[in-house]
Amino acid sequence: MADQYANLSPDLASPYIGGFAVSPSDSAVLSQPTRAVFVGGAGNLAVTYLDGSTDTLQSVTAGSILPIRVTKVMATNTTATKISGLY
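Going by my numbering, the sequence shown opens with residue 16, and the numbers climb by one from there.
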């Protein structure tokens, strides 16, 4: 199937073009910064944002898509499961 949008540049408001499974780690940086994070199983999500600041998002509900740009999902303080990075 031809992609009628292939000649357009994606931007932050465009639909996601891919995703990857995220294994929380206190040391590993994600393969690329996210445009959003999907949380399949409810819990807390500890992240490092693109600007280097950190935060723990409390009580994220299952099925949430969070429009956040992160470089790391930390194992410490993350209780959410089935996490995917979207780009």
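Idealized CB from N, CA, C, for every residue including glycine.
Source: prediction; values computed, not measured.
Comparing alpha-carbon positions, the option among THR69, SER79, PHE53 and TYR20 lying closest to THR91 turns out to be THR69. Using a 10 angstroms sphere on the CB of GLY78, the tally of other CB atoms stays under 16, which defines it as exposed.
Apart from the 5 residues on each side of it in sequence, ILE80 sits with its Cβ closer than 6 Å to the Cβ of ALA51 and PHE53 in its chain, given in chain order. Taking the Cβ atoms as the reference, THR93 lies roughly 15 Å from VAL44, outside the contact range of under 8 Å. Taken through DSSP and simplified to helix, strand or coil, MET89 comes out as strand. For GLY55, the closest alpha carbon among the candidates LEU65, SER38 and PRO25 is that of SER38.
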